[in-house]
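**Q**
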Amino acid sequence: MPLLSLEGVTRSVELPDFSQLDILKGIDLDVAVGDHISIVGRSGSGKSTLLNLLGLIDNPTTGRILFDGEPLEKLSGGTRDRKRGRDVGFIFQQFNLLAGRTALENVMTPLLYASGRQFWRRRALAQEMLDRVGLSERMASMPDKLSGGEQQRVAIARALVRSPRLILADEPTGALDVETGATVMELLDNVAEQSGAALITITHDPNVAALARRHYRLDHGVLSPIDVNRMLATSLPEASL
Amino acid sequence: MRLRRKQAAASADAEVPSAEEPTVEATIEPGGAAAPDPAPLPAADGLIVRPTYELAQPAREPRGSLLSSIVGSVVEAWDEVRINRTRVLLSLIGIGVAVCALATVVGAGAVFGQAQTEQYEKSNGRPATLMVNPPFSSVTHEEASPDKFVDHIEAVIDRYQISHATPRYRGSATVQSPNGTEYAAVQGVSAAYGVMHRVDLGVGRWLSEADEQRLAPAIVINNDYYEKLGRPDLRTHPTLVLEAENTVTAVIVGVLTAQPYDQGLNLMMLSEPFQSIIGAAGAEQGALTYEFWVPEEQSDQLAALIERDVASEFGAGWTPNVNRNDYLSWGGPSPLEPLQWVIGGIAGLILLLGALGLVNISLVTVKYRVREIGVRRAFGATASRVFFAVMMESVVATVVAGILGVALAIVIVQNPALQELIAPGVQDLPPFPLEAALIALGASAAVGVLAGLMPALVAVKVKVIDAIRY
Chain A
4 MPLLSLEGVT RSVELPDFSQ LDILKGIDLD VAVGDHISIV GRSGSGKSTL LNLLGLIDNP
64 TTGRILFDGE PLEKLSGGTR DRKRGRDVGF IFQQFNLLAG RTALENVMTP LLYASGRQFW
124 RRRALAQEML DRVGLSERMA SMPDKLSGGE QQRVAIARAL VRSPRLILAD EPTGALDVET
184 GATVMELLDN VAEQSGAALI TITHDPNVAA LARRHYRLDH GVLSPIDVNR MLATSLPEAS
244 L
Chain B
4 MRLRRKQAAA SADAEVPSAE EPTVEATIEP GGAAAPDPAP LPAADGLIVR PTYELAQPAR
64 EPRGSLLSSI VGSVVEAWDE VRINRTRVLL SLIGIGVAVC ALATVVGAGA VFGQAQTEQY
124 EKSNGRPATL MVNPPFSSVT HEEASPDKFV DHIEAVIDRY QISHATPRYR GSATVQSPNG
184 TEYAAVQGVS AAYGVMHRVD LGVGRWLSEA DEQRLAPAIV INNDYYEKLG RPDLRTHPTL
244 VLEAENTVTA VIVGVLTAQP YDQGLNLMML SEPFQSIIGA AGAEQGALTY EFWVPEEQSD
304 QLAALIERDV ASEFGAGWTP NVNRNDYLSW GGPSPLEPLQ WVIGGIAGLI LLLGALGLVN
364 ISLVTVKYRV REIGVRRAFG ATASRVFFAV MMESVVATVV AGILGVALAI VIVQNPALQE
424 LIAPGVQDLP PFPLEAALIA LGASAAVGVL AGLMPALVAV KVKVIDAIRY
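Just so you know, the sequences run in chain order A and B.
For the first sequence, the numbering used here begins at 4 and goes up steadily by one.
For the second sequence, the numbering used here begins at 4 and goes up steadily by one.
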């Protein structure tokens, strides 16, 4: 049974002139535990909307989304929020580390919404996670004292500290230079693979997309498989890592 | 522990998910053979990444989530207060000052109220004070003779074991002084009068039962006349010559504290010398009253018993006259109620202004925290949790401010200079009223809830992805 399934998912919004804009059209996607999927697409192609749906944040207009085979529309808002916290880890382009909090406190943040052992041992778990991403020496550092790569590694640690089964990386290298981006992606790929979590990377960079095992393009709301090698061959040199 | 990892080979060029996707399945068998330590994975830029398998376990929400939610919310709120302490401190100065003002006015009101109460008790006796006047004859239209009345009352005191009782004789005498002959208002009382009427002495002592044995009667005079006498040292036993039915030299043993409108010469002595010195010549008509200080809950019953006894002693045609005149017997609202309303109104207004300031700052702050709230929502914070956390930030902050405000209020209210200013001469200074502290803390928490309500509602409406990409 797939971890996450999208079945004929569409998402539309009503514009001020009462016309309807179809952002996503008939999306079908199965994501299994341990999967690594990349989704590329230009700005305005519907990537953020798809991210909302994959991250259990938004509801489709039509179609349905199943998590562990359970239709999400049956879940209450609170249950869905808790499921998101427990099973989904987010990595953002701008890192979105909480200002004024140390790297350790940032990684502890998702554990505040956990319960039981994860909640009460949140400091130890966060320390362990930062150690895993090689930041054991920077635990007490504030985000503004960390480099871009270090900040994204903190963000990765934060995304993984609750042991999610699905990691959503939204342009994870978008704010990094090429070399740091490659390092961060390698780390993310490794950590995701070790944990057995599914990793979905949403990017416009074909080289980042190439690290995945399955590749999709989102174009005008339509999700379709692509041959990443052909895309790399046609991509501009400056876009490569 | 044994780890079993199954992974189907994924087709490298597969463009659609195959029926058999890669899966990881971890099982833990207690007591089983230990799995070999997973080897470090390929380093990314020198990073050591240690494999772990426990992450693949579908997590289940453990029990006890309510406790961790509450603790988590408080931790979150405290972190927010701690991290933004400067902003919080600035926003809470208003609340702290308001709570301090609230606790101060309530606390000071209690001290002032005590002063008022004592003033009432000085005039009319402590609750419950029964006043017993000589019965009145409906036949002769005269009061009973003082001697018969006194004998009867003394029997009543013995019968009901009344511990605090005093006669109040009122009369006058003339006093020879360097300024000539002066009029003196004289009261004859018992030693118990001092306790019953909170007699407050500026100098010297109150009358005692031993003073009955003195040849030169002991007197207590008012402060105004004492000043006129030039504040003589009481250790030198200053005297006054009183003339009424008899002329006698009386010794000043005490001086009452200064009171408003305290003029002329007012003096008090025990009832025994009063009767011999002032006698019928100086006594005023209807100038004898007895006062009993009795437990309030027994006062009505005792009054009825005394009336019955008087009626049986004096017979038909005599109307007993027993009533209460302490401030609690006046009926209607408490004489302190208007004062309490005024003080409460001022305190409420102060707190309202502080709350409005806090709401303003909180709303602005939430606008700046949209991204942070979005991140928290993305990591599993439910709408109710965000609501509660934002509300708790406000409550935690205002309660801390409330505690500091109350502490400051205690220091202010317990300051002797302030106490002397608002309640000069008060005898039983009340401790800082617990209700003032509780009211102030409750008000600060309530203000925290009210001030946090609007920001919390705004926070709940934050759209997660929009906030993150904001």
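Glycine is no exception: its CB is placed at the ideal position from the N, C-alpha and C atoms.
1) Run down chain B in chain order and give the residues with a C-beta less than 8 Å from the C-beta of P113/A.
2) Determine the burial state of H223/A: buried for a count of at least 16 other Cβ atoms within 10 Å of its Cβ, exposed for fewer.
3) Is F70/A close to chain B? Criterion is C-beta to C-beta, closer than 8 Å.
4) Write down every uninterrupted run of the beta strand (DSSP E) in the stretch 208–255 of chain B whose length is 3 residues or greater and which is fully enclosed by it, in chain order.
5) Does the beta carbon of I471/B come closer than 8 Å to any beta carbon on chain A?
6) Straight-line CA distance for L192/A to L354/B?
7) Along the chain, where does the beta strand (DSSP E) that runs through Q190/B open and close?
8) Quick one: which unbroken alpha helix (DSSP H) runs of 4-plus residues sit fully inside the stretch 303–391 of chain B? Chain order, please.
9) In angstroms, rounded to a whole number, what distance separates the CA positions of L352/B and W344/B?
10) Would you kindly check if the distance between the Cβ of I309/B and the Cβ of L268/B is under 8 Å?
11) Using a C-beta to C-beta distance shorter than 7 Å, which residues of chain B count as neighbours of R104/A?
12) Using alpha carbons as the reference points, say which of R233/A, D33/A, R124/A and D20/A lies closest to P209/A.
13) Quick test of the definition: if touching needs 3 or more C-beta pairs under 8 Å, does the stretch 78–90 of chain A touch the stretch 373–388 of chain B?
14) Check the DSSP bridge columns for I42/A and list the partner residues they point to.
15) May I ask you to report which of helix, strand or coil DSSP gives T143/B?
16) Using only CA atoms, which one of V102/B, S274/B, I98/B and F152/B lies nearest to A439/B?
17) Nearest by alpha-carbon distance to G360/B: which of T89/B, W321/B, F115/B and I96/B is it?
18) Can you give me the Cβ contacts of V389/B inside the same chain, cut-off strictly under 7 Å, excluding the 5 residues immediately before and after it?
19) Given E83/B, which residues of its chain have a CB within under 7 Å of its CB, disregarding the five upstream and five downstream residues?
20) Would you kindly work out how many angstroms separate the C-alpha atoms of V450/B and Y264/B, rounded to a whole number?
21) Pop quiz: V258/B and L210/B are said to be a contact at Cβ under 8 Å. What is the actual Cβ separation, rounded to whole angstroms?
22) For the alpha helix (DSSP H) holding Q121/A, just list the boundary residues, first then last.
23) Using 8 Å as the threshold, is the C-beta distance between R168/A and T112/A below it?
24) Between A251/B and N328/B, what straight-line distance do the alpha-carbon atoms span, to the nearest angstrom?
25) Tell me the rounded alpha-carbon separation between V34/A and L75/A.
26) Which residues in chain B sit within 9 Å of N99/A, going by Cβ to Cβ distance?
27) Could you please give me the residues that DSSP links to Y172/B through a beta bridge?
28) Out of curiosity, what's the CA-to-CA distance linking Y219/A and L366/B?
29) Using the Cβ count rule (16 or more neighbours within 10 Å means buried), how would you classify N87/B?
30) I need the boundaries of the beta strand (DSSP E) containing G29/A, first residue and last residue.
31) Mind checking which residues open and close the beta strand (DSSP E) that includes D61/A?
32) With DSSP collapsed to three states, give me the class of V409/B.
33) Would you verify that the beta carbon of R220/A is, or is not, closer than 8 Å to some beta carbon of chain C?
34) Applying a beta-carbon distance threshold of less than 9 Å, which residues of chain A neighbour A462/B?
35) Say whether the stretch 118–133 of chain A touches the stretch 54–66 of chain A, bearing in mind that this needs 3 or more beta-carbon pairs closer than 8 Å, one atom from each stretch.
**A** Taking the structure as given:
1) Neighbours of P113/A on chain B, chain order: F382 and G383.
2) Residue burial is scored here from C-beta neighbours: H223/A has fewer than 16 other C-beta atoms within 10 angstroms and is therefore classed as exposed.
3) At least 8 Å separates the CB of F70/A from every CB of chain B.
4) Listed in chain order, the beta strand (DSSP E) elements of length 3 or more contained wholly in the stretch 208–255 of chain B are 221–224 and 242–246.
5) Residue contact with chain A for I471/B: present (Cβ-Cβ distance below 8 Å to some residue of chain A).
6) According to the sequence provided, residue 192/A is Asp. The question's Leu does not apply to it. Approximately 56 Å, taken between the alpha carbons.
7) Note, Q190/B: beta strand (DSSP E), G183 to V192.
8) Fully enclosed alpha helix (DSSP H) runs of no fewer than 4 residues occupy 340–371 and 373–381 of the stretch 303–391 of chain B, in order along the chain.
9) Computed Cα separation, rounded: 12 Å.
10) Against a cut-off of 8 Å, the Cβ pair of I309/B and L268/B comes out as no contact.
11) Within 7 Å Cβ-Cβ: I86.
12) Ranking R233/A, D33/A, R124/A and D20/A by Cα distance to P209/A puts R233/A first.
13) As far as the Cβ criterion goes, the stretch 78–90 of chain A touches the stretch 373–388 of chain B, which means the pair count is three or higher.
14) Bridge partners of I42/A: I205/A and Y219/A.
15) The three-state secondary structure of T143/B, taken from DSSP, is coil.
16) The closest CA to that of A439/B, considering only V102/B, S274/B, I98/B and F152/B, is found on V102/B.
17) The residue with the shortest Cα to Cα distance from G360/B is I96/B.
18) Residues I376, R379, R380, A462 and V463 of the same chain have their beta carbon placed closer than 7 Å to that of V389/B, with the five preceding and five following residues left out of the count.
19) Taken in chain order, the residues that qualify are E396.
20) When rounded, the distance between both Cα atoms is 45 Å.
21) Not confirmed; about 13 Å, so no contact.
22) Boundaries of the alpha helix (DSSP H) harbouring Q121/A: G119 to W123, taken from the DSSP string.
23) No.
24) Looking at the sequence shown, residue 251/B is not Ala but Val. Rounded to whole angstroms, V251/B to N328/B spans 34 Å at the Cα level.
25) Taking the CA atoms as reference points, V34/A sits about 15 Å from L75/A.
26) Neighbours of N99/A on chain B, chain order: R374, E375, G377, V378, A381 and I471.
27) Answer by DSSP bridge pairing, in chain order: G191/B and L291/B.
28) Straight-line Cα distance between these residues: approximately 42 Å.
29) Label assigned to N87/B: buried.
30) Q23 to V34 is the extent of the beta strand (DSSP E) around G29/A.
31) In the DSSP assignment, D61/A falls outside any beta strand (DSSP E) and carries neither an H nor an E.
32) Correct three-state label for V409/B: helix.
33) Among the chains of the structure shown, chain C does not appear; the protein chains present are A and B.
34) Residues of chain A with a Cβ closer than 9 Å to the Cβ of A462/B do not exist; the shortest Cβ-Cβ separation is about 14 Å.
35) Contact between the stretch 118–133 of chain A and the stretch 54–66 of chain A is absent, because fewer than three Cβ pairs lie under 8 Å.
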